[in-house]
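Visitor: Residue numbers (mature numbering (1 follows the signal peptide of the UniProt record, and there is no 0)): -23 to -1, 1 to 170. Sharing a structure, written as structure tokens. Questions coming.
Right under this line is the structure:
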């Protein structure tokens, strides 16, 4: 077998492996999304609307000169309620980000939790990820809290809880979250049923 043909066969083999791996990942991801959707208190249509609204807000932020370059902004949407978090160097930029979020179809309420300041460091972001996993783990262990109904967002050790809960569930979720080591503050962005 010539060297060129050998390289072609090896390349084809590797490409086949990657293609099969992608199929497994795609099927696994689709299954996970379907399972999460089935357990969500929102309708599938609302879940899609929330994802679309979140994407539109982030896209529109990126279209405004200075907004994406000078800020560190995140948006989470749950049942039409937008939670804005991150940092911006000035109040006018924060107001502009909020105004854009309010202008997006499907958004019924905006919780603007953007703080004035410089973007947080990578180590702070890593700590936020760790803190979020600790909060989610604690919520999972509590039988009276429907943890799959709660979206946990962490920004600079502040924990934001989103979801549709009863008053008792929300109170318990906030209490559990407050007692997780490292949590500075808990903000309820919850919708009560």
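All residues carry an ideal CB built from backbone N, CA and C; glycine is no exception.
(1) For residue 37, collect the residues of the same chain with a Cβ closer than 6 angstroms to its Cβ; drop the 5 residues on either side in sequence, then sort them by chain order.
(2) If you run the structure through DSSP and keep just helix, strand and coil, what is residue 141?
(3) Kindly confirm or deny that the region 103 to 115 and the region 75 to 89 touch, where touching means at least three C-beta pairs closer than 8 angstroms.
(4) Below 8 angstroms, can you find three or more Cβ-Cβ pairs linking the region 34 to 50 to the region 67 to 81?
(5) Would you call the CB atoms of residue 132 and residue 153 closer than 7 angstroms?
(6) Hey, how far is the Cα of residue 145 from the Cα of residue 21?
(7) Using the DSSP secondary-structure output, state which residues sit across from residue 183 in a beta bridge.
(8) Report the residue ranges of all beta strand (DSSP E) runs contained in full by the region 54 to 113; include only those spanning at least 3 residues, in chain order.
(9) Between the C-alpha atoms of residue 62 and residue 107, what's the straight-line distance to the nearest angstrom?
(10) Over what stretch of residues does the beta strand (DSSP E) that includes residue 169 continue unbroken?
(11) Which class does residue 122 belong to by DSSP, given the choice of helix, strand or coil?
(12) Report the rounded CA-to-CA distance for residue 129 versus residue 73, giving the unit in angstroms.
Guide: Straight from the coordinates:
(1) The answer, listed in chain order, is 77.
(2) In the structure shown, residue 141 sits in a strand (DSSP, three-state: E or B).
(3) The region 103 to 115, when compared against the region 75 to 89, does not touch it at the 8 angstroms Cβ threshold.
(4) With the cut-off at 8 angstroms, the region 34 to 50 and the region 67 to 81 touch.
(5) Cβ distance not < 7 angstroms, so residue 132 and residue 153 don't count as in contact.
(6) Residue 145 and residue 21 have their alpha carbons spaced roughly 25 angstroms apart.
(7) Only positions -23 to 170 of the chain appear in this structure, which leaves residue 183 out of reach.
(8) Taken in chain order, the complete beta strand (DSSP E) segments of 3 residues or longer contained in the region 54 to 113 are 58 to 65, 86 to 93.
(9) Just so you know, the alpha carbons of residue 62 and residue 107 end up roughly 18 angstroms apart.
(10) Note, residue 169: beta strand (DSSP E), 162 to 169.
(11) Note: residue 122 maps to coil in three-state DSSP.
(12) Cα to Cα, the separation comes out at about 25 angstroms.
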